[in-house]
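Take a look at the structure below.
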Amino acid sequence: MAEDEHVPSELYYLGKFNFPPRSLKTYQLKTILASHAIPVPSKAKKADLIKLFQENVEPRRDAIIAEYKEQQEQKERQQKEDEEHLGRGRRNWVPSRRAKEAMEVEERKTKRPVKHNDEEEETKAPLRDKDGFVIPELPAHKRNKSTTKEPSFTAQDSFASSEEDEEMVIQKMTRDKIKRKRPSPVQQQQQQKQQQQQQQQQPPVMKTRRSTRSTFTAQDSFASSDEDVDLNDKVEQLHQRRAKVTRRRPAPPTTKMPEPSTKKKDNDDESDDDEYKADSSDHEEDDIETADQNNLMDEVAWLVEDNAMHEARILGKSRSEWYMLFGYLFRVYLGLVCLVLLGTTIVVSSRAYNGYCDSEQDGISHFSCIPCPDHGVCSNGQLGCPPLYHVTRPWYNAYGLLPIADECVRDSAIGRAIDSAEKHIKRILARAQGQEVCEQLRMGGHIDDSAVARMNGSAIFDALLQIHSANDQEIEMDTFPLVVSNALQQALDDPSIQYSELEGLPYYSTTNADMPLWCSVTVFLLHVPARTKYISIGVLAGFWMVIYAVYKYQQHYRKSQRTKAKLRQILNALEEQLKKHKDHPESYDRGIPVSQLRIQTSAGRINQGDEVDEWMRVVHQVNKHPQVRRAHREVAGELCETWELAL
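In our numbering, the protein residues as written are 1154 to 1800.
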């Protein structure tokens, strides 16, 4: 979108509707946000500043532009009203800084030079020539008149008129003719007292040896009266802001300036010297003016500092709100901790007083007493453990200081014996159930699901006793009945184990059956439908047939590979023999005996394993080969068969 022509240049960041705030630098973003009275955190990053710009400046684009234009119009109206009130050309003239400095220089020209004390003149080293002799000098009263130095050349002397030169000459002549008089001791004391009183009333002024000419500013140029009026308006605004500030800067401590030491010899001359008095009054006026300037600069510096502190307070407001919220949360946390500690103290004291809860009590009363542990029997606040268990205190409750229940724990050897007895009980019941199922298969060929093999508790005990005596376990016979009873109770936790009583005797049974292999297969076939049986038999038969076929194929493939390798070896040997025969026909025969070739290909295993069958397959392949010829010849008086390659 094109840039809006009605947006002022000062609001360049609002000139475009899609102005990219990322093109601005960090200090530019801070300046823009501060100009619109938007608090900025001290450690904010550029991303945070861009977010504040997008949230607080961009939505208010039209309002900001309208407000800025209204301020400019109001300023123009105020300027027109001031012009109508004062009138063009009738304003009060305010001298600029350069004009003030020129006036001060002209005033200082009329002042007499400072006279040195006689003692200081006496202490000066006399002038000497090259040979070391003292050069004689005129007396002090003649030397002062004749050797008074003229003021140094300044910038104002270059454009001085003839009238100013005449006035300076007349002032110099009148100043030389004035008779110097020194004040009396009484007048001197009175002057000193007055100076002390003035110094106590006035704030201390820091005097430096800087030049009276200040640095160049915008007011030193050829400024018009309008700029002077603007300067006065700025000073008045500073004073108004200074009056609105409620905080006052503490006054600096009054310090007494050291009094200048005066000599008695000069008292008589200074008392009667009118020019000296005028000079001292001029110095006092300069000091007062310097003090006023310093006070004004102090006020400006204090206002700048107060503005910075005000901005810091605005920026720290959000931080203080977070600190306040953290304080509230911390107080709530402390309150909760105190409540928890109070409740814990009450529970601990009540448990320590009441002891253990009875085994029949519900869980609601466990806050006022110690809960009874597992495998424990509690009554009258005391803990008791059943046989094969003993009381054990946890390691984190040394000496029983905490109101925590002890534990009823059995010995590890007894625990292993109980677990082993439980496994044997389940196995015994499963075997009995398997025998019952197999008997039903023998009797009728069908299975009754309601048939259950029950075993008496005494029979189970006798079977376990035989196992215990055979294994020679470390459990004593006195504790063995307790081990069996605990194992039976622990086995009843399994849902597959049932307990029943017949004629007052305990009987145990199980739904699991442990049967032999033939019985398991028979039961499986009885429970499987006929179609499923045929499908399973066909799948099994086909599976084994595929396995047999794959095995035979692999076997035939390995044999054929070995046969091809031996045939290739024989052909290579015959080819080499033919080359040798062509090169040396008298030394080498054309063919090779078959027995020699068989020995080379069998690697020493002529009649072992399947070598005979493999050699027969090699002979069959050689007979079918078109380039191999069979021949017979006599070797060492015996007839033998040879193979050779045809040309």
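No residue lacks a Cβ here, since even glycine has one placed at the ideal position from N, Cα and C.
Measuring only the C-alpha atoms, how far is residue i from residue j?
| i | j | result |
| --- | --- | --- |
| V1562 | Y1542 | 5 Å |
| K1178 | E1163 | 16 Å |
| C1793 | A1784 | 8 Å |
| T1795 | V1775 | 12 Å |
| L1641 | A1574 | 8 Å |
| A1551 | N1507 | 20 Å |
| L1645 | L1693 | 42 Å |
| W1671 | A1718 | 51 Å |
| F1306 | S1249 | Below a pLDDT of 50, predicted positions are generally treated as unreliable, and F1306, at 47, falls in that range; the measurement from the model is reported next regardless. Cα-Cα distance, rounded: 23 Å. |
| I1578 | M1698 | 45 Å |
| W1129 | P1556 | The structure shown does not extend to residue 1129, since the chain is modelled only from 1154 through 1800, so no value can be given for it. |
| H1621 | Y1660 | 21 Å |
| Q1707 | H1680 | 40 Å |
| I1467 | V1485 | 28 Å |
| A1789 | E1739 | 18 Å |
| Q1231 | N1209 | 30 Å |
| A1252 | Q1351 | 29 Å |
| F1206 | M1450 | 35 Å |
| E1234 | Q1227 | 11 Å |
| Q1181 | S1473 | 26 Å |
| K1196 | K1222 | 33 Å |
| E1654 | N1609 | 9 Å |
| H1189 | L1487 | 42 Å |
| K1576 | P1648 | 15 Å |
| V1771 | K1733 | 24 Å |
| F1520 | I1499 | 9 Å |
| D1736 | H1773 | 31 Å |
| R1214 | L1167 | 6 Å |
| R1175 | P1192 | 19 Å |
| Y1687 | Q1593 | 25 Å |
Mind checking which residues open and close the beta strand (DSSP E) that includes residue i?
| i | result |
| --- | --- |
| W1671 | Note, W1671: premise wrong, no beta strand (DSSP E); alpha helix (DSSP H) at L1670 to H1680. |
| Q1651 | I1650 to L1655 |
| S1532 | V1530 to S1532 |
| Q1535 | Q1535 to G1537 |
| C1561 | E1560 to R1563 |
| H1543 | Y1542 to T1545 |
From which residue to which residue does the alpha helix (DSSP H) around residue i run?
| i | result |
| --- | --- |
| H1734 | A1683 to D1736 |
| P1634 | F1633 to A1644 |
| T1754 | V1747 to S1755 |
| V1765 | E1764 to K1777 |
| H1159 | Run containing H1159: none; DSSP gives neither H nor E here. |
| H1189 | Segment: none, H1189 is in no alpha helix (DSSP H) and carries neither H nor E. |
| F1206 | K1199 to N1209 |
Count the other CB atoms within 10 Å of the CB of residue i; is the residue buried (16 or more) or exposed (fewer)?
| i | result |
| --- | --- |
| W1475 | exposed |
| A1799 | exposed |
| I1745 | buried |
| G1534 | exposed |
| C1491 | exposed |
| L1617 | buried |
| Q1730 | buried |
| L1678 | exposed |
| R1504 | buried |
| G1657 | exposed |
| T1685 | exposed |
| Q1749 | exposed |
| V1765 | exposed |
| P1682 | exposed |
| T1545 | exposed |
Who pairs with residue i in a beta bridge, going by DSSP?
| i | result |
| --- | --- |
| R1175 | None; R1175 has no bridge partner. |
| I1523 | Y1509 |
| W1796 | I1745 and R1783 |
| L1658 | L1655 |
| T1663 | I1650 |
| M1608 | Y1661 |
| E1791 | V1788 |
| D1250 | Correcting the residue identity first, residue 1250 is Arg in this sequence and not Asp. None; R1250 has no bridge partner. |
Is there at least one non-hydrogen atom of the ligand PLP closer than 6 Å to the beta-carbon of residue i?
| i | result |
| --- | --- |
| V1637 | The ligand PLP is absent from the structure shown, which contains no ligands of any kind. |
| query | Is the stretch 1716-1725 close to the stretch 1740-1759, with three or more CB pairs under 8 Å? | reply | At 8 Å Cβ cutoff, the stretches touch.
| field | Cβ contact (3+ pairs, closer than 8 Å) linking the stretch 1564-1583 and the stretch 1611-1620 | value | Segments in contact, yes.
| request: Assess, as a yes-or-no matter, whether the stretch 1760-1780 is touched by the stretch 1700-1711 under the definition of 3 or more beta carbon pairs within less than 8 Å. | output: The stretch 1700-1711 is not in contact with the stretch 1760-1780.
| message | Check whether the stretch 1532-1542 and the stretch 1626-1639 are in contact - that is, three or more C-beta pairs closer than 8 Å. | response | Touching, yes.
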